[in-house]
Amino acid sequence: MYGKLKKKILYAPLFTSMLLMSGGAAQSQETAVDFKNKIIELEQRISGLESLKQELQELKKNLLQKEEKVLAKEETLVSEIKSIKSLRKSLSVRESKPRGKWHLAGYADVGFEAISGDNNDSFVAGKFNPMFHFQYEDWLLFEGELQIVTNEAGETTIDVEFSQLDFMLHDNITLVVGKYLSPIGQFQERLHPSWINRSMNAPTGFGHGGVQPANEVGVMLRGGVTLTDEVTFRYSLSAGNGPRFGHDDDELELEGIGADNDSSKALGGRLALVHKSSLELGFSYLDSGVNSKAGLLPDGDMALARKGDYRLWGADMAYTKGSWDIRAEYLNAKNSPSGGTVAGGFEEVNWEAWYAQMAYRLSGMLDNPALGKLEPVIRYGEFRTNVGDELQLSAEKRWNIGINYWLSSSIVVKTGIERRNYILVNRADETRYKVQMAYGF
Amino acid sequence: MKNTNYIMIASLIISVFAGTAAQAAESVKKDPMQIVRGAKSWAQSCGSCHNIRPPKDLTDEEWEVSALHMRVRANIPGNVIRDIIAFLQASNNEKVKE
Chain A
1 MYGKLKKKIL YAPLFTSMLL MSGGAAQSQE TAVDFKNKII ELEQRISGLE SLKQELQELK
61 KNLLQKEEKV LAKEETLVSE IKSIKSLRKS LSVRESKPRG KWHLAGYADV GFEAISGDNN
121 DSFVAGKFNP MFHFQYEDWL LFEGELQIVT NEAGETTIDV EFSQLDFMLH DNITLVVGKY
181 LSPIGQFQER LHPSWINRSM NAPTGFGHGG VQPANEVGVM LRGGVTLTDE VTFRYSLSAG
241 NGPRFGHDDD ELELEGIGAD NDSSKALGGR LALVHKSSLE LGFSYLDSGV NSKAGLLPDG
301 DMALARKGDY RLWGADMAYT KGSWDIRAEY LNAKNSPSGG TVAGGFEEVN WEAWYAQMAY
361 RLSGMLDNPA LGKLEPVIRY GEFRTNVGDE LQLSAEKRWN IGINYWLSSS IVVKTGIERR
421 NYILVNRADE TRYKVQMAYG F
Chain B
1001 MKNTNYIMIA SLIISVFAGT AAQAAESVKK DPMQIVRGAK SWAQSCGSCH NIRPPKDLTD
1061 EEWEVSALHM RVRANIPGNV IRDIIAFLQA SNNEKVKE
């Protein structure tokens, strides 16, 4: 179509000029020759155009063919990509996040102790406390800790320090069920592991045979609430089996007991306010009934039926800014016979213990890296037990002075001197020289 | 005070360069301030009973378990613990070119 039009356009001037010229009667031979030549020239041009047209058509054809080839290639590429993708899917293993995680932790310590007087110096095997944590998703945690100790008689004892399930009910509420460390005060629950304790043992009255329950079997609700930018509130509220009478009236069994021998549960816990300046103030309370039936004790002694009301309260503080670690704690417990001494079957027992402790890590004022690992520590504490009005033999004033060398944040070598001044004159005072190495892992 | 400033700056740098842990990176994208908050809370509440434990003491996964343990033991609110975990994991994964 386009070709035809082109031809017409080319011929048009030829015919018009022919028409114009046919008007003249006399035409010279020269003009006829010119005409012929022009026609020849035009015909040549036309044939040139024809060949151009052919070339164009061929080019177009080639282009179309190429386009087809490219399309076909594109298709094979797409299908290849698809097959590679499915191959990758079938070969690759999707890394999934397991629902359960676990962590093995704990601590151990070894030491040496020389005691003044008739006692022998001895290496202390110390403790090995493995601790297990199993976490399911982000709402359940099992914590269990064993305490393995070799005692003076060479026997190895294993105790369950705690074995508890923690349910994260809410960001501010955790439910704890099982055997757990007593939340009363600050030493027992938080400071007793030897890699945490800045001194080498528990303050007087805060360890075994002291005022403080060690563990509890029961349920506990605990958590923290951010009150303001500066203050956090922390609480632990426990309901457990509570303490039990021991052999003597002033010896309560305070180590979490697996069954309750009375239906009165021990209710108590600790409330604390923590300021962002690293100051913490805590208040503890525990209230429980303690009962025992009359009968023969394992060592053959006779015991009367006893019925008592046990009540404990305590206050603690900690300031732990930078290199400072300053703590103080007071505990006061009373076991009064229910309905008076005769009905209760025993005389009222009072326990009282307190300590104040200060440690300072020298890195706070020295740039020397070796000296900066040193930490002097000093602690003073008192412990008194009264049965009725009578002060017991355990009444003591105790000084601890020591230097710790921190090899890492949880590995420490502690050296120190302990002076025990027993308040009753018929018990000789003691000085103990100690070295202990503790590792928390 | 000097210490907190240092930690803030360090955590900012870490939060910018912490690229390796997919999870940490993801949470950084979602909440870029989480690591900064975590660093602050770590400095403030993880050294009040024992020496503060540095991020490189444990692996990412161990931190999750251990921090949950500390949430219970120290009565620290859950949201604060999540921030602290994000900080510890991000710092744990900091790659230093030699």
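Going line by line, the protein sequences match chains A and B. The opening position of the first sequence corresponds to residue 1 in our numbering, with each subsequent residue numbered one higher. The opening position of the second sequence corresponds to residue 1001 in our numbering, with each subsequent residue numbered one higher. Positions of the beta carbon are idealized from the N, C-alpha and C atoms, including for glycine. Since we're looking at a predicted model, the values are computed, not measured.
Suppose you measure from the CA of residue i to the CA of residue j; what does that come to, to the nearest Å?
{"i": "I1035 of chain B", "j": "S1048 of chain B", "result": "20 Å"}
{"i": "L42 of chain A", "j": "L63 of chain A", "result": "31 Å"}
{"i": "F441 of chain A", "j": "V342 of chain A", "result": "52 Å"}
{"i": "Y310 of chain A", "j": "A333 of chain A", "result": "7 Å"}
{"i": "Q212 of chain A", "j": "K373 of chain A", "result": "32 Å"}
{"i": "L221 of chain A", "j": "G106 of chain A", "result": "24 Å"}
{"i": "G314 of chain A", "j": "G210 of chain A", "result": "13 Å"}
{"i": "V176 of chain A", "j": "A266 of chain A", "result": "15 Å"}
{"i": "S83 of chain A", "j": "P1032 of chain B", "result": "39 Å"}
{"i": "S278 of chain A", "j": "Y319 of chain A", "result": "6 Å"}
{"i": "S409 of chain A", "j": "N1051 of chain B", "result": "5 Å"}
{"i": "Q436 of chain A", "j": "I326 of chain A", "result": "21 Å"}
{"i": "I81 of chain A", "j": "G178 of chain A", "result": "57 Å"}
{"i": "G340 of chain A", "j": "S163 of chain A", "result": "38 Å"}
{"i": "L181 of chain A", "j": "R1073 of chain B", "result": "10 Å"}
{"i": "L286 of chain A", "j": "L371 of chain A", "result": "43 Å"}
{"i": "W351 of chain A", "j": "D1060 of chain B", "result": "45 Å"}
{"i": "K85 of chain A", "j": "S96 of chain A", "result": "20 Å"}
{"i": "D34 of chain A", "j": "K53 of chain A", "result": "28 Å"}
{"i": "G388 of chain A", "j": "E347 of chain A", "result": "6 Å"}
{"i": "E30 of chain A", "j": "Q44 of chain A", "result": "21 Å"}
{"i": "G144 of chain A", "j": "H103 of chain A", "result": "11 Å"}
{"i": "E55 of chain A", "j": "K66 of chain A", "result": "16 Å"}
Would you say residue i and residue j are within 8 Å of each other, going by their C-beta atoms?
{"i": "E155 of chain A", "j": "N129 of chain A", "result": "no"}
{"i": "S423 of chain A", "j": "Y433 of chain A", "result": "The sequence as given places Ile at residue 423 of chain A; Ser does not occur at that position. No, they are not a contact pair."}
{"i": "S194 of chain A", "j": "D299 of chain A", "result": "no"}
{"i": "C1046 of chain B", "j": "R1037 of chain B", "result": "no"}
{"i": "R117 of chain A", "j": "E430 of chain A", "result": "According to the sequence provided, residue 117 of chain A is Gly. The question's Arg does not apply to it. In contact: G117 of chain A and E430 of chain A (Cβ atoms closer than 8 Å)."}
{"i": "R184 of chain A", "j": "L312 of chain A", "result": "The displayed chain sequence assigns Ile, not Arg, to residue 184 of chain A. Yes."}
{"i": "P337 of chain A", "j": "V290 of chain A", "result": "no"}
{"i": "N172 of chain A", "j": "L252 of chain A", "result": "no"}
{"i": "F245 of chain A", "j": "S288 of chain A", "result": "no"}
{"i": "A482 of chain A", "j": "V219 of chain A", "result": "Because chain A here runs from 1 to 441, residue 482 of chain A falls outside it and cannot be looked at."}
{"i": "G282 of chain A", "j": "Q188 of chain A", "result": "no"}
{"i": "E191 of chain A", "j": "F167 of chain A", "result": "One detail in the question is off: residue 191 of chain A reads as Leu in this sequence, not Glu. Not closer than 8 Å, so no."}
{"i": "E1064 of chain B", "j": "I1084 of chain B", "result": "no"}
{"i": "F112 of chain A", "j": "F123 of chain A", "result": "yes"}
{"i": "K321 of chain A", "j": "G345 of chain A", "result": "no"}
{"i": "T385 of chain A", "j": "V425 of chain A", "result": "no"}
Determine which residues share a DSSP beta bridge with residue i and list them.
{"i": "E145 of chain A", "result": "A:M131 and A:F162"}
{"i": "L273 of chain A", "result": "A:F233 and A:L281"}
{"i": "D309 of chain A", "result": "A:G289 and A:S336"}
{"i": "K38 of chain A", "result": "K38 of chain A pairs with nothing; no bridge assigned."}
{"i": "D316 of chain A", "result": "A:G282 and A:E329"}
{"i": "W139 of chain A", "result": "Partner(s): none; W139 of chain A has no beta bridge."}
{"i": "G1038 of chain B", "result": "Beta-bridge pairing links G1038 of chain B to no other residue."}
{"i": "K265 of chain A", "result": "Answer is none; K265 of chain A lacks a bridge partner."}
{"i": "H192 of chain A", "result": "Answer by DSSP bridge pairing: none, since H192 of chain A is not bridged."}
{"i": "W354 of chain A", "result": "A:Y330 and A:E382"}
{"i": "F346 of chain A", "result": "Paired residue(s): none; F346 of chain A is not in a bridge."}
{"i": "A359 of chain A", "result": "A:D325 and A:V377"}
{"i": "I411 of chain A", "result": "A:S408 and A:Y439"}
{"i": "S92 of chain A", "result": "DSSP lists no partner for S92 of chain A."}
{"i": "S449 of chain A", "result": "No answer is possible for residue 449 of chain A: it lies beyond the span of chain A, which begins at 1 and ends at 441."}
Please return the same chain residues whose Cβ sits closer than 6 Å to the Cβ of residue i, not counting the five positions on each side in sequence.
{"i": "F142 of chain A", "result": "F134 and L165"}
{"i": "V149 of chain A", "result": "K127 and T157"}
{"i": "G224 of chain A", "result": "T232 and R234"}
{"i": "T204 of chain A", "result": "G381, F383, E396 and R398"}
{"i": "L237 of chain A", "result": "L221 and G269"}
{"i": "H208 of chain A", "result": "none"}
{"i": "R427 of chain A", "result": "L393"}
Leaving out five residues on either side along the sequence, give the residues of the same chain with a beta carbon under 8 Å from the beta carbon of residue i.
{"i": "V231 of chain A", "result": "L273, V274, H275 and K276"}
{"i": "L407 of chain A", "result": "K373 and V413"}
{"i": "L296 of chain A", "result": "M302 and A303"}
Can you find the residues in the same chain that come closer than 7 Å, C-beta to C-beta, to residue i, ignoring five residues on each side of it along the sequence?
{"i": "A1022 of chain B", "result": "Summary for A1022 of chain B: the model assigns pLDDT 44, below 50, so the residue's position carries little reliability, and this model does not support an answer."}
{"i": "P1055 of chain B", "result": "L1088, S1091 and N1092"}
{"i": "Y330 of chain A", "result": "G314, A315 and W354"}
{"i": "N197 of chain A", "result": "L191"}
Quiz prompt | the stretch 398-410 of chain A / the stretch 374-387 of chain A touching (three or more Cβ pairs under 8 Å) | solution = Per the Cβ contact rule, the stretch 398-410 of chain A is in contact with the stretch 374-387 of chain A (3 or more Cβ pairs under 8 Å).
Quiz prompt | Given 8 Å, three or more beta-carbon pairs between the stretch 379-397 of chain A and the stretch 349-365 of chain A | solution = With a cut-off of 8 Å, the stretch 349-365 of chain A and the stretch 379-397 of chain A count as touching, because enough Cβ pairs lie within range.
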